[in-house]
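**Student:** Before I ask anything, let me first share the structure, which is written out below as structure tokens.
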Amino acid sequence: MPIGIVVVGSGVAGLHTANLLARRLPSSAATIRVVDPTGQHAYQPGWLSVALDLAPSDRLSRDVRTLLRPGIELVLDKVVRLDPTAGKLWLSRLGTMSYDYAVLATGTRLDRDAVPGLEEGTLDFYSLEGASRLRETLREFTGGTILVGIAGVPYPCPPAPLEFALRLEEVLRRRGIRDRTRIRYLSPLNRAFPNEVASALVEPILEERGIEMVPFVNVEEVDPAGKRLFSLEGETFSYDLAILVPPHRGSAMVDDSGLGDPGGWIPTDPATLQVRGYDRLFAIGDATDLPISKAGSTAHFESAVVAEQISAAIEGRLPDPRTGTYRGKAVCFVGLGGRRATIIQVDEDHPPRVARPSRFWHLVRWAFERAYWRTLKTGLGFRAERFLPRI
Ligand SMILES: Cc1cc2nc3c(=O)[nH]c(=O)nc-3n(C[C@H](O)[C@H](O)[C@H](O)COP(=O)(O)OP(=O)(O)OC[C@H]3O[C@@H](n4cnc5c(N)ncnc54)[C@H](O)[C@@H]3O)c2cc1C
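Numbering-wise (numbering that gives the first Met the number 0), the sequence shown opens with residue 0 and increments by one.
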């Protein structure tokens with residue numbers, strides 16, 4: 000009787016894990032099912048370009064069936080609850096499902112209600128609908144004060160709001176309205192970015208481009224009618240346009256199964272990626288409580304670890320410590336405008352590294368974006384990464 004593996008979620012984390020498992024395990028050894036209600040996979044980094052009117056919105060999602068390797072079953076339904084002790088989950092339409100191993104790759108959800116006035120008073124690029132709304136507003140924008148900031152941590156892709164501010168500045172310059180626009184970047188920290196090395200690199204670029212960096216702004220409330228933002232630190236900021244990353248939480252299913260911490264993030268072993276207290280349940284990608292960047296690259300590196308952990312257990316051997324242990328690796332491109340980009344790399348074994356901004360990293364990112372859909376199915380990204388220069 001084949002072992003039953005269920006992957007919940009068909010984002011980067013879920014698709015990579017399911018496809019890697021299908022490559023490694025014959026169908027006689029395991030059946031692999033991916034459960035997701037949408038049937039669509041979204042390329043989320045593209046939302047930023049949609050908001051800036053630099054990319055069309057209709058090429059950013061694909062049917063999950065075209066991204067799964069043969070033999071993987073797609074179940075179009077939502078998991079409403081999971082009982083890790085019984086190895087059972089409840090679906091909203093199709094009843095119950097039992098599993099031997101489950102991987103929770105349920106990502107994040109937006110929690111705009113967590114900050115009063117946020118929904119009515121601000122815009123964002125953290126969903127396709129949000130990015131499309133922002134694009135329409137920016138098309139009409141003719142000048143004034145724009146605030147770019149963060150209304151709650153953690154959120155996916157920590158450099159995204161900074162990149163947005165830099166690329167927005169470039170777009171407004173091209174449109175000839177930069178001199179009529181004040182851009183203020185509100186950081187919840189004492190610097191532009193959590194990573195000190197990246198901050199040291201980016202802050203002079205912000206200054207050079209006339210973007211004001213305002214430290215210690217933790218958003219408490221927004222007054223949509225008066226167009227004012229209030230910070231926990233007691234400051235008030237007036238705006239014509241406020242673009243804020245909304246607060247995020249883990250999936251409702253995590254809360255409803257009693258698995259999450261107060262933010263709905265899943266307590267996860269940082270090395271094996273097992274959900275704490277359960278040998279056969281794994282968490283991966285944005286859904287975990289790990290103190291590392293919520294990023295597609297994190298999900299990508301974690302998926303190889305989970306695939307090795309589960310394959311080893313099914314094959315009755317110990318996981319290979321080199322491939323079956325996660326060491327906090329994440330890699331993030333940051334577009335700086337002017338066809339320049341940098342790359343930030345973190346892992347447990349080295350201090351954070353940041354590459355000198357260059358055209359080269361802009362081109363690497365461009366190539367990665369074109370290869371994205373193939374990397375999901377083939378795991379090509381794991382091999383291509385070895386050919387990049389060390390930073
Ligand atoms: C604007 C923006 C820019 C970004 N830029 C970058 C970047 O440059 N580089 C980078 O590495 N990362 C970037 N990211 C982050 C990256 O996109 C995410 O970290 C990544 O998509 C997370 O993948 P995931 O699979 O964990 O979650 P998701 O992709 O969010 O997928 C979660 C899936 O789980 C499903 N799901 C949730 N609950 C249930 C349930 N109860 N039952 C069944 N299915 C469920 C959802 O439908 C969804 O399909 C960016 C993100 C944004 C928003």
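A virtual CB, placed ideally from N, CA and C, is assigned to each residue, including glycine. For clarity, every value in this text was computed on a predicted model and none was experimentally measured.
1. Taking 8 Å as the threshold, find out whether the region 253-273 comes into contact with the region 222-237 through three or more Cβ pairs.
2. Mapping DSSP to helix, strand and coil, what is F367?
3. Cα-Cα, which of D268, G225, A286 and R174 is closest to Y238?
4. Does ligand 1 have even one heavy atom less than 7 Å from the beta-carbon of P318?
5. Around the Cβ of S399, are there at least 16 other Cβ atoms within 10 angstroms (buried) or fewer (exposed)?
6. Determine the burial state of S91: buried for a count of at least 16 other Cβ atoms within 10 Å of its Cβ, exposed for fewer.
7. Below 7 Å, is the gap between the Cβ of T37 and the nearest heavy atom of ligand 1?
8. Between the region 321-330 and the region 305-312, do at least 3 Cβ pairs fall closer than 8 Å?
9. Count the other CB atoms, across all protein chains shown, that sit within 10 Å of the CB of E72; report buried if there are 16 or more and exposed otherwise.
10. What is the residue span of the beta strand (DSSP E) that F236 lies within?
11. For N217, collect the residues of the same chain with a Cβ closer than 8 Å to its Cβ; drop the 5 residues on either side in sequence, then sort them by chain order.
12. Quick check: what's the CA-CA separation for Y371 versus T84?
13. Leaving aside the five residues before and after P356 along the sequence, list all residues of the same chain whose C-beta is less than 8 Å from its C-beta, in chain order.
14. How close, in whole Å, do the beta carbons of Y98 and V5 come, if the pair is a contact with beta carbons under 8 Å?
15. In the DSSP assignment, the beta strand (DSSP E) including Q395 goes from what residue to what residue?
16. In terms of DSSP beta bridges, what is K293 paired with?
17. Kindly examine ligand 1 and report whether one of its heavy atoms sits closer than 7 Å to the Cβ of P44.
18. Less than 8 Å between the C-beta atoms of P269 and L240, yes or no?
19. Please list, in chain order, all residues of the same chain as R68 whose beta carbon is under 7 Å from its beta carbon, the five residues on each side excluded.
20. Entirely within the region 182-226 and at least 3 residues each: give me those beta strand (DSSP E) ranges in chain order.
21. Quick one: does the C-beta of V102 sit closer than 7 Å to a heavy atom of ligand 1?
22. According to DSSP, simplified to helix, strand and coil, what is L146?
23. Report whether the distance from the Cβ of P155 to the nearest heavy atom of ligand 1 is below 7 Å.
24. Tell me whether the beta-carbon of P36 lies closer than 8 Å to the beta-carbon of D76.
25. Please report how far the alpha carbon of W360 lies from the alpha carbon of A41, in whole angstroms.
26. What are the boundary residues of the alpha helix (DSSP H) that G13 is part of?
27. Kindly indicate which three-state DSSP category M0 falls into: helix, strand or coil?
28. Counting only runs that start and end within the region 78-155, where is the alpha helix (DSSP H) found for 4 or more residues in a row?
29. What does DSSP give as the partner residue(s) for D62 in the beta ladder?
30. Look at A282 and L103 and say whether their C-beta atoms are less than 8 Å apart.
**Tutor:** The structure says:
1. Touching, no, given that fewer than three Cβ pairs across the two stretches are closer than 8 Å.
2. In this structure, F367 counts as helix in the three-state DSSP scheme.
3. The shortest Cα separation from Y238 among D268, G225, A286 and R174 belongs to G225.
4. Checking the Cβ of P318 against ligand 1 gives no.
5. In the structure as shown, the chain starts at 0 and stops at 390, and residue 399 therefore has no counterpart that could be examined.
6. Result: exposed.
7. The answer is yes for T37.
8. Flag = yes, the region 321-330 and the region 305-312 touch.
9. With fewer than 16 Cβ atoms within 10 Å of its Cβ, E72 is classed as exposed.
10. For F236, the uninterrupted beta strand (DSSP E) segment begins and ends at T235 to S237.
11. Same-chain partners within the cutoff: P187, S230, L231 and E232.
12. Going by the C-alpha atoms only, they are around 37 Å apart.
13. Excluding sequence neighbours, P356 sits near L200, I204, L335, R339, A340 and T341.
14. Confirmed, Cβ separation roughly 4 Å.
15. Because the chain spans 0 through 390 in this model, residue 395 falls outside it and cannot be assessed.
16. Under DSSP, K293 forms a beta bridge with P155.
17. At least one heavy atom of ligand 1 is nearer than 7 Å to the Cβ of P44, so yes.
18. Not a contact, by the Cβ cut-off of 8 Å.
19. Apart from sequence neighbours up to five positions away, the residues of its chain that approach R68 with a beta-carbon distance below 7 Å are N18, A21, R22 and K376, ordered along the chain.
20. Runs of beta strand (DSSP E) with 3 or more residues, each lying fully within the region 182-226, are found at 210-213 and 218-222, listed in chain order.
21. No - ligand 1 has no heavy atom lying nearer than 7 Å to the Cβ of V102.
22. Note: L146 maps to strand in three-state DSSP.
23. Yes, Cβ of P155 sits closer than 7 Å to a heavy atom of ligand 1.
24. Between P36 and D76, the C-beta gap is smaller than 8 Å, which places the two residues in contact.
25. Cα to Cα, W360 sits roughly 23 Å from A41.
26. Per DSSP, G13 belongs to the alpha helix (DSSP H) from V11 to R23.
27. Note: M0 maps to coil in three-state DSSP.
28. Whole alpha helix (DSSP H) segments, 4+ residues: 117-120 and 127-139.
29. Answer is Q39, bridged to D62.
30. The Cβ atoms of A282 and L103 lie closer than 8 Å to each other.
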